[in-house]
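Number of protein chains: 2
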Amino acid sequence: MKIALAQLNYHIGNFQDNKEKIIRNIGKAREAGAELVVFSELSVTGYYPHDLLERKEFIEHSQKTIEEIAHHCTGIAALVGGPSINRSPKGKMLYNSAFFLKDGKIESVHHKTLLPTYDVFDEYRHFEPNRNFELIELNGKKLAVTICEDLWYNQPVLSAFGREKLYAVSPMKEYAKQNPDLVINLSASPFSYNQEKLRKDILLNNAHDFNIPIVYVNQVGAQTEIIFDGGSLFIDANGDVVDELAYFEEDFRIIDTENTESKDTLREYEPLEKIHDALILGIKDYFGKMGFKQATLGLSGGIDSAVTVVLAARALGSENVRVLLMPSKYSSEHSITDARDLAENLGIQYEIVNIHEMVDAFDHALSPIFEGLNPDVTEENIQARIRGTLMMALSNKFGHILLNTSNKSEAAVGYGTLYGDMNGGLSVLGDVYKSDVFALARFINRKQEVIPENTIVKPPSAELRPDQKDSDSLPDYDILDKILFNYIELAKSPNEIVRMGFDEETVHMAVRKVNMNEYKRFQTPPILRISSKAFGFGRKMPLVARYPY
Amino acid sequence: MKIALAQLNYHIGNFQDNKEKIIRNIGKAREAGAELVVFSELSVTGYYPHDLLERKEFIEHSQKTIEEIAHHCTGIAALVGGPSINRSPKGKMLYNSAFFLKDGKIESVHHKTLLPTYDVFDEYRHFEPNRNFELIELNGKKLAVTICEDLWYNQPVLSAFGREKLYAVSPMKEYAKQNPDLVINLSASPFSYNQEKLRKDILLNNAHDFNIPIVYVNQVGAQTEIIFDGGSLFIDANGDVVDELAYFEEDFRIIDTENTESKDTLREYEPLEKIHDALILGIKDYFGKMGFKQATLGLSGGIDSAVTVVLAARALGSENVRVLLMPSKYSSEHSITDARDLAENLGIQYEIVNIHEMVDAFDHALSPIFEGLNPDVTEENIQARIRGTLMMALSNKFGHILLNTSNKSEAAVGYGTLYGDMNGGLSVLGDVYKSDVFALARFINRKQEVIPENTIVKPPSAELRPDQKDSDSLPDYDILDKILFNYIELAKSPNEIVRMGFDEETVHMAVRKVNMNEYKRFQTPPILRISSKAFGFGRKMPLVARYPY
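Heads up: the protein sequence lines correspond to chains F and C, in order. Position one of the first sequence corresponds to residue 1 (the UniProt record's numbering), numbered consecutively onward. Position one of the second sequence corresponds to residue 1 (the UniProt record's numbering), numbered consecutively onward.
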């Protein structure tokens with residue numbers, strides 16, 4: 001059987017564009033002689049529409065769109081993802097479904113069984129789980145239709161409780177009883193650099209363990225924070241990859257289920273390359289889907305803003321990025337030179353606004369109230385907030401969107417000023433630890449120096465008081481980041497981390513800072529997610545809690 | 001049977017304080033001759049601990065605490081809420097449970113069956129539903145232990161899909177088959193002014209329909225945004241209230257199940273009084289549980305900051321509130337007088353900082369970049385951000401927490417400046433529509449003028465340009481707020497709202513503004529929730545969506 005894998009980038013709620021894209025790909029598949037074309041999970045709406053699913057007219061619009069797509073589905077069959085209404089008087093109002101389209105109409109509807117409710121997933125809020133495991137028959141072949149998590153029955157993720165997560169039902173087992181020729185999986189599986197291998201293993205193991213080939217079609221493109229990486233697969237019954245689609249871009253492939261000779265077309269990725277590509281796609285789609293063109297940010301001469309501006313220029317084009325250099329009396333000479341060199345390397349527009357005038361005005365206005373009190377973090381924050389206000393003025397005046405440049409280490413320990421350098425419409429590096437920001441800079445410079453070497457080698461500093469260095473108040477980033485990764489991504493307790501060999505005081509200080517700063521992260525911009533546990537709605541912590549660990 | 005209802009205010013994750021409070025109340029109940037004392041849902045941890053439930057040591061700490069409480073439970077039985085571990089290899093790691101303590105040990109554990117996964121509730125993320133409906137026997141009586149949502153099998157909430165929500169299982173039916181003498185319900189049910197009656201009706205109907213008396217013990221106190229109102233009940237088998245505990249404060253009552261003579265002890269609440277009390281409790285608990293004492297805010301002479309400062313003074317004491325007046329050249333004379341009068345009425349410390357100096361500094365610094373361009377919203381936002389920076393400077397220098405004064409109408413349509421007047425650690429009025437802010441001001445002034453009359457009667461204005469009025473860019477609030485309520489709280493579509501008789505253009509403009517400003521609300525402070533649908537994590541909308549309705 002010839003099957004087309006349509007790996008596309010959808011726009012949530014933009015039924016018109018999504019419909020046209022799907023219909024175009026049905027036509028393309030038909031012309032190429034495919035018998036079936038497979039789209040990804042919730043393709044009609046885009047994944048994930050969140051509480052738009054609670055709006056009746058949104059669901060009606062979705063249904064109408066699927067019916068229109070069905071009309072175009074002649075001479076070929078299609079599997080299209082979308083919400084469907086639960087007609088039973090009990091349970092949630094909707095199913096997360098795959099619509100099997102054939103002969104110009106909806107032939108059957110197949111629902112998702114396993115609804116993820118962890119990390120960024122919240123599907124039980126809107127969907128009722130499937131309890132009916134019927135196969136599709138097409139041109140003499142029996143197909144099992146599954147949706148994303150349905151293949152994740154047995155998650156080999158070690159939870160903090162020391163056992164694997166298991167669902168009560170295994171859709172693969174239910175379908176396997178009926179001896180399907182093929183399993184189709186419509187997916188919306190986001191990129192995560194530290195779970196990439198796990199995901200592939202799960203897919204391959206499913207094919208191998210049940211001895212059934214699998215066609216896996218993943219969504220590609222960023223939906224605000226969440227970056228879907230594509231990488232759709234055709235896996236044979238031995239659990240070997242026959243064909244693999246591109247990462248971080250739309251792709252389309254015709255596979256022949258009878259031909260399972262492995263193709264070695266996919267190039268190898270360098271370490272950090274996927275993170276680099278993911279972040280660029282994240283920026284590009286945020287702007288594209290929001291209808292924005294131009295970005296702005298403050299260039300400090302430091303490594304975070306340097307990496308951010310390179311990624312922005314690569315995502316949007318140098319002509320669409322404009323930066324401000326905002327030195328104060330604490331800025332070192334090389335900071336300005338480094339920032340200027342970078343802007344010139346990239347060919348982006350830059351302007352310099354010295355902040356001393358505003359600093360003086362605030363100092364003077366506040367002097368009657370602050371009389372007799374020593375300067376402290378207040379005055380440092382005023383500088384950061386003046387810069388934040390200048391950036392937003394540029395954004396307001398010219399319609400540029402401010403990119404936030406904070407990294408994950410800073411976000412974790414609260415090393416940043418709320419309403420100052422924490423401003424922005426989108427946080428590019430908020431899920432990238434400082435050590436990885438350095439590695440990204442090296443990756444960016446691997447062929448030629450884009451980021452000035454001095455920016456990479458000098459000790460990190462916020463430059464908010466004389467001779468300030470990050471290391472004055474924080475442990476070295478290579479130590480700190482390992483502690484944070486164990487605490488945040490791996491959910492280890494501080495005591496466990498200490499037993500791994502880290503200094504006890506440092507571990508407790510880091511963890512205390514993470515918990516103390518929940519309130520700051522509550523107000524940060526959306527953070528592009530590249531790990532298995534990013535700050536944002538995938539990690540919901542109570543604010544008023546008194547719990548140190 | 002004599003039963004003690006312990007309606008307490010818990011601190012999430014503060015096992016030490018929660019434990020001592022519970023043990024103290026067990027002692028009090030024992031002394032009063034009670035056979036059983038009932039605490040509320042997840043009382044040991046506080047409701048809701050969110051992803052702290054994913055940390056192993058948090059669960060171990062919780063278990064240890066329950067065991068320690070059990071040791072103190074002699075000569076009386078107790079029902080205490082807390083998470084328990086799911087020993088089955090399948091399903092979520094935890095149950096949301098009630099621990100039945102007797103004779104110094106945990107006698108049995110009873111789990112919650114219906115796990116809410118809508119609005120602010122997200123329990124399926126952490127908990128496995130109960131499937132075992134065993135009664136407790138105590139001193140010859142048979143008791144059915146239910147937890148909160150278990151009584152909400154049939155939710156008479158009209159969904160956008162035009163039918164009621166029904167769960168697949170009805171715990172009340174399962175228990176009723178075994179003829180219990182009494183149903184106990186451990187609850188954590190938040191206040192919502194427009195669902196208050198619904199909640200009581202559901203409780204009374206359950207008792208009436210199954211002909212079983214119900215003892216309902218609710219949590220009291222605010223957990224960041226969510227305000228739990230208490231109001232615990234003893235309801236007889238006819239569905240009549242026998243006894244009702246206080247609202248918005250801790251309370252303790254001994255009831256006798258044999259004595260169902262109704263007590264008319266609870267005073268009547270005036271309209272708006274509960275909203276007033278809820279917001280005060282929200283402020284008080286945010287500060288108390290975070291370990292803060294003092295609040296600050298900017299007093300503009302307008303109604304939002306006036307109502308906020310009164311509520312803050314009532315929650316924290318006038319001596320713990322300090323305000324800034326920050327006039328600009330666009331501030332009217334009466335704004336300053338009104339603000340000053342209010343501060344003096346309340347006896348709170350105030351200072352005046354004119355912002356013109358900072359405005360000039362920004363204008364001057366930006367003039368080379370903005371040359372030849374007309375003033376627009378950019379310059380208005382700069383003023384708001386200067387004020388925001390001044391407020392944060394006060395907050396940083398003196399440790400006062402900034403209260404945000406935006407109301408729900410503004411938050412809805414984006415009438416506010418991000419990193420300016422949208423700053424704050426807590427939003428007091430972010431779930432109160434502007435019309436209700438006026439009503440609250442009248443309520444506050446009902447006995448004597450606290451808020452200057454002029455603040456209430458003058459047309460609302462942001463005073464960011466000459467003669468600016470809210471009504472220049474927004475419909476009248478009494479119209480706008482009705483449209484917003486129908487759209488947000490009642491999930492009606494714009495077309496439905498137009499059919500109700502509202503002007504078509506106004507409806508579409510309002511709805512468009514709501515959807516356009518999702519990005520601003522993403523970065524707002526936590527908002528005290530008083531309605532059935534507040535902005536915040538109970539209303540999760542995708543940012544990059546292109547969907548106008």
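Using N, Cα and C, we set each Cβ at its ideal position, and we do this for glycine too. The structure presented is a predicted model; accordingly, all values stated were derived computationally and were not measured.
query, result
"Mind checking if C:ALA295 is an interface residue toward chain F, Cβ cutoff 7 Å exclusive?", "no"
"Just verifying my parser: in three-state terms, what is the DSSP assignment at C:GLU107?", "strand"
"Going along the chain, which residues of its own chain have a beta-carbon closer than 8 Å to the beta-carbon of F:ASP150, five neighbours each way excluded?", "LYS112, THR113, LEU114, PRO171, MET172, ASN185"
"Name the residue from C:LEU543, C:ILE386, C:ASP376, C:ASN374 whose alpha carbon lies nearest to the alpha carbon of C:ALA361.", "C:ILE386"
"If F:GLY301 sits next to F:ALA339, beta carbons under 8 Å apart, how far is it from one beta carbon to the other, in whole angstroms?", "4 Å"
"Here's the rule: buried if 16 or more other CB atoms are within 10 angstroms of the residue's CB, otherwise exposed. What is F:SER409?", "buried"
"According to DSSP, is C:ILE530 helix, strand or coil?", "coil"
"Secondary structure at C:PRO494, three-state DSSP: helix, strand or coil?", "helix"
"Here's the rule I'm using: 16 or more other beta-carbon atoms within 10 Å means buried, otherwise exposed. How should F:ASN130 be labelled?", "buried"
"Between the segment 377-402 of chain C and chain F, which residues of the former have CB atoms less than 8 Å from a CB of the latter, in chain order?", "VAL377, THR378, ASN381, ILE382, ARG385, ILE386, GLY388, THR389, LEU390, MET392, ALA393, LEU394, ASN396, LYS397"
"Counting only beta-carbon atoms, is C:LEU158 nearer than 7 Å to chain F?", "Note that C:LEU158 scores 46 on pLDDT, short of 50, meaning its location in the model is unreliable and no value can be drawn from it."
"Does the beta carbon of C:LYS520 sit closer than 7 Å to a beta carbon anywhere in chain F?", "no"
"Provide the residue span of the beta strand (DSSP E) that contains F:THR146, from first to last.", "141-147"
"Could you please give the first and the last residue of the uninterrupted alpha helix (DSSP H) stretch that includes C:TYR118?", "It is not in any alpha helix (DSSP H) - C:TYR118 carries neither H nor E in the DSSP assignment."
"Locate the alpha helix (DSSP H) running through C:VAL511, then write down its first and last residues.", "504-516"
"How is the alpha helix (DSSP H) around C:ALA313 delimited, first residue to last?", "303-316"
"Contact criterion: CB-CB distance below 7 Å. Does C:ALA4 meet it with respect to chain F?", "no"
"Check F:GLN7 in the structure and name its three-state DSSP category.", "strand"
"Confirm, please, whether the CB-CB distance from C:GLN223 to C:ILE22 is below 7 Å.", "no"
"From the DSSP output, in three-state form, read off C:ALA545 for me.", "coil"
"If you compare alpha carbons, which of F:TYR419, F:ALA412, F:ASN407 is closest to C:SER395?", "F:TYR419"
"Can you list, in chain order, the residues of its chain with a C-beta nearer than 6 Å to that of F:ALA176? Leave out the 5 residues immediately preceding and following it.", "PHE210"
"Quick one: list the residues of chain F neighbouring C:HIS364, beta-carbon separation under 8 Å, in chain order.", "GLU357"
"Which bits of chain C does F:LEU373 rub up against, with CB to CB less than 8 Å?", "LYS397"
"For C:LYS56, does the three-state DSSP call read helix, strand or coil?", "helix"
"Below 8 Å, how does it come out for the segment 523-542 of chain C and the segment 181-196 of chain C: are there three or more Cβ pairs, yes or no?", "yes"
"Using CA atoms only, rank isn't needed, just tell me which of C:LYS513, C:LEU480, C:ILE488, C:ASN517 is closest to C:ASP503.", "C:LEU480"
"For F:LEU8, go through chain C and note every residue whose CB falls closer than 7 Å to its CB, in chain order.", "Here the premise fails: no neighbours, minimum Cβ distance about 15 Å."
"Can you tell which of F:ASN407, F:ALA441, F:THR455, F:MET422 has its C-alpha closest to the C-alpha of F:LYS434?", "F:ASN407"
"Taking C-beta pairs closer than 8 Å, name the residues in chain C that F:ASP14 reaches, listed in chain order.", "The sequence given here places Asn at residue 14 of chain F; Asp does not occur at that position. Chain C residues near F:ASN14: ALA545, ARG546, TYR547."
"Just checking: is the beta-carbon of F:PRO89 within a distance shorter than 7 Å of some beta-carbon in chain C?", "yes"
"Are C:ALA393 and F:ILE382 closer than 7 Å when you measure CB to CB?", "yes"
"Going by the C-beta, is F:MET392 closer than 6 Å to any heavy atom of the ligand SAM?", "Ligands in the displayed structure: none, and consequently the ligand SAM is not present."
"So, C:PHE33 versus C:TYR10, is the Cβ gap smaller than 7 Å?", "In the sequence on display, residue 33 of chain C carries Gly and not Phe. In this structure, C:TYR10 does not lie closer than 7 Å to C:GLY33 by Cβ."
"Return the residues of the segment 220-238 of chain F that lie within a Cβ-Cβ distance of less than 7 Å from chain C, sorted by chain order.", "GLN223, THR224"
"Do you know how far the Cα of C:ASN374 is from the Cα of C:ASP363?", "12 Å"
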